[in-house]
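Q:
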Ligand SMILES: Cc1cc2nc3c(=O)[nH]c(=O)nc-3n(C[C@H](O)[C@H](O)[C@H](O)COP(=O)(O)OP(=O)(O)OC[C@H]3O[C@@H](n4cnc5c(N)ncnc54)[C@H](O)[C@@H]3O)c2cc1C
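In my numbering, the protein residues as written are 99 to 513.
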């Protein structure tokens, strides 16, 4: 939906102080911090695709500054872990907001909050549990019944929901491009150049499809694809999830979609459907998961059209203008890997969704850690649990695909 990207830079040498593999939120945040902290050193980001064409640009654009997963605190209680995460996400959101303002990144930054909504009784029960957690955390929310939600989002599909202010909407591809184009001048980005192999002896040799680069320090920030480089193979797996946007809706249709130009709905089940009304008058629908591979696009279209039709049967058409799939990296226990793998080799991978903010925060802290900068936030992150062991394929595949099928069945009307 954006104009074609104009590449920012090309490498002019083969030796760098730091190489970062992956130009998503994690990689670019690490690059920015290292570039800022060591203005005299050169940093190279190597990105397999074009900036914004990967998951960093292909997501639903919710920047949620609340924890998704609080069960990652080792011996600390979930409440303490949640408090640490809330503080960290709050700082991260403020940092991103400052960057957007300072560099005039035109990404539709809109702190509109978010709805959570449930269609079925099980979904309602699960939202009530979320609300209990919000109360514990001191997060404000406003509840809605079916009629109230219908007024806000133009569908009587959901029987119960709530709105909380903890979310900012963005056009994610515009944000990641803006972040890339405003990096310090000592950071070079090499795009459309997948890294094929990493030789893990010092200095590190990074082999790409077209060349070879060496560095004293390497940061792995390619999320689920880290395992293709032999890193954390037994901790991470990738899933694809899918989304589509309608063409711009007519003024009559838009008039029935509530009084706000932009809103978004998080489902009451992990395998449920996310909805978003976008500022330019379109609806976005995101749903479904597949293991390690992208499913056939006809299947995706049918599925997303069904989700849209069930919620908005009154629409004149249920066509989509754009449809896409993207990957995200999951771990068994929902924890990310963050830290130093061996001297000079750092990684932050396994974002478990919600990686726009998490990736930015973890990438920033990883860059600081690699530069020896200590902070309370870094101590907090290093204290979180890491990802637990995963069995190899084919057992892993059977386990994940069965879990997806089971969750999809349990999701029922939330799909
Ligand atoms: C449809 C969809 C909707 C989503 N909605 C949201 C949302 O609303 N909010 C949210 O916070 N998150 C959402 N997510 C998840 C979010 O996109 C990710 O969590 C986020 O992009 C993770 O950031 P990252 O930098 O860690 O990894 P990525 O953004 O995946 O970046 C990793 C980069 O590494 C590159 N790479 C991979 N292998 C190599 C290699 N060998 N060599 C060089 N480069 C390589 C990739 O091309 C990629 O650009 C969604 C994801 C999808 C697919």
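Virtual Cβ for every residue (Gly too), placed ideally from N, Cα, C.
1) To the nearest angstrom, report how far apart residue 258 and residue 223 are at their CA atoms.
2) Could you tell me if residue 112 is buried or exposed, where buried requires 16 or more neighbouring beta carbons within 10 angstroms of its beta carbon?
3) So residue 144 and residue 119 are supposed to be a Cβ contact under 8 Å. How far apart are they, rounded?
4) Using 8 Å for Cβ pairs, my map puts residue 488 next to residue 338. What's the rounded Cβ distance?
5) Alpha carbon to alpha carbon, what distance is there between residue 249 and residue 203?
6) Are residue 148 and residue 289 close, meaning C-beta to C-beta below 8 Å?
7) Per DSSP, what kind of secondary structure is residue 140 in: helix, strand or coil?
8) Exposed or buried, what is residue 99 when buried is set at 16 or more other beta-carbons lying within 10 Å of its beta-carbon?
9) Would you please state the rounded distance, in angstroms, between the beta carbons of residue 155 and residue 274? I believe it to be under 8 Å.
10) Going by other Cβ atoms of all chains shown within 10 Å of its Cβ, with 16 needed for buried, is residue 151 buried or exposed?
11) Could you pull out every unbroken alpha helix (DSSP H) segment of at least 4 residues lying fully inside the region 375-418, listed in chain order?
12) What distance in whole Å lies between the Cβ atoms of residue 385 and residue 371, which are believed to be in contact at a cut-off of 8 Å?
13) Quick check on DSSP: helix, strand or coil for residue 488?
14) Compute every distance between the C-beta of residue 145 and the non-hydrogen atoms of ligand 1, then say whether any falls below 7 Å.
15) Residue 161 and residue 454 - do their beta-carbons sit closer together than 8 Å?
16) Excluding sequence positions up to five away, which residues of its chain have a Cβ less than 8 Å from the Cβ of residue 422?
17) Whole angstroms is fine: what's the gap from residue 483's alpha carbon to residue 164's?
18) Output the residue ranges of the alpha helix (DSSP H) runs that lie fully inside the region 180-242 and measure 4 residues or longer, sorted by chain position.
19) Which residues in the same chain have their Cβ closer than 6 Å to the Cβ of residue 188, if we skip the five residues on either side of it in sequence?
20) Got a sec, what are the start and stop residues for the alpha helix (DSSP H) residue 245 sits in?
21) Tell me, to the nearest whole angstrom, how far the beta carbon of residue 463 is from that of residue 445; I am working on the premise that it is less than 8 Å.
22) Thinking C-alpha only, which one of 313, 368 and 265 is nearest residue 432?
23) So is residue 480 buried or exposed if we call it buried at 16+ other beta carbons inside 10 Å?
24) Are residue 302 and residue 443 close, meaning C-beta to C-beta below 8 Å?
25) Can you list, in chain order, the residues of its chain with a C-beta nearer than 8 Å to that of residue 441? Leave out the 5 residues immediately preceding and following it.
26) With H, G and I counted as helix, E and B as strand and the rest as coil, what does DSSP make of residue 103?
27) Would you call the region 261-268 in contact with the region 232-243, where contact means no fewer than 3 C-beta pairs closer than 8 Å?
A: Taking the coordinates as given:
1) Their backbone Cα atoms lie some 10 Å apart in a straight line.
2) Exposed: under 16 other Cβ atoms inside 10 Å.
3) That belief holds up - the Cβ atoms of residue 144 and residue 119 are roughly 6 Å apart, short of 8 Å.
4) About 18 Å separates the two Cβ atoms, so there is no contact after all.
5) When rounded, the distance between both Cα atoms is 32 Å.
6) A distance below 8 Å separates the beta carbons of residue 148 and residue 289.
7) Coil, per DSSP.
8) Result: exposed.
9) That belief holds up - the Cβ atoms of residue 155 and residue 274 are roughly 5 Å apart, short of 8 Å.
10) Label assigned to residue 151: buried.
11) For the region 375-418, the full-length alpha helix (DSSP H) segments reaching 4 residues or more read 395-409 along the chain.
12) Rounded, the Cβ-Cβ distance is 4 Å, consistent with contact.
13) Here residue 488 sits in coil by DSSP.
14) Yes; taking the cut-off as 7 Å, the Cβ of residue 145 has a heavy atom of ligand 1 nearer than that.
15) The Cβ-Cβ distance between residue 454 and residue 161 falls below 8 Å.
16) If the five residues before and after residue 422 are omitted, its C-beta is found closer than 8 Å to the C-beta atoms of 156, 340, 341 and 342, all from its own chain and listed in chain order.
17) Cα to Cα, the separation comes out at about 18 Å.
18) Runs of the alpha helix (DSSP H) inside the region 180-242: 219-235.
19) Taken in chain order, the residues that qualify are 163.
20) From DSSP, the alpha helix (DSSP H) with residue 245 extends over 244-251.
21) For a cut-off of 8 Å, the C-beta gap from residue 463 to residue 445 is around 12 Å, too long to register as a contact.
22) That would be 368, whose Cα lies nearest to the Cα of residue 432.
23) Exposed, by the Cβ-count rule.
24) Between residue 302 and residue 443, the C-beta gap is smaller than 8 Å, which places the two residues in contact.
25) Within the same chain, 300 come within 8 Å of residue 441 by CB-CB distance, once the 5 residues on both sides are set aside.
26) Note: residue 103 maps to coil in three-state DSSP.
27) Between the region 261-268 and the region 232-243, the count of Cβ pairs shorter than 8 Å is three or higher; the stretches touch.
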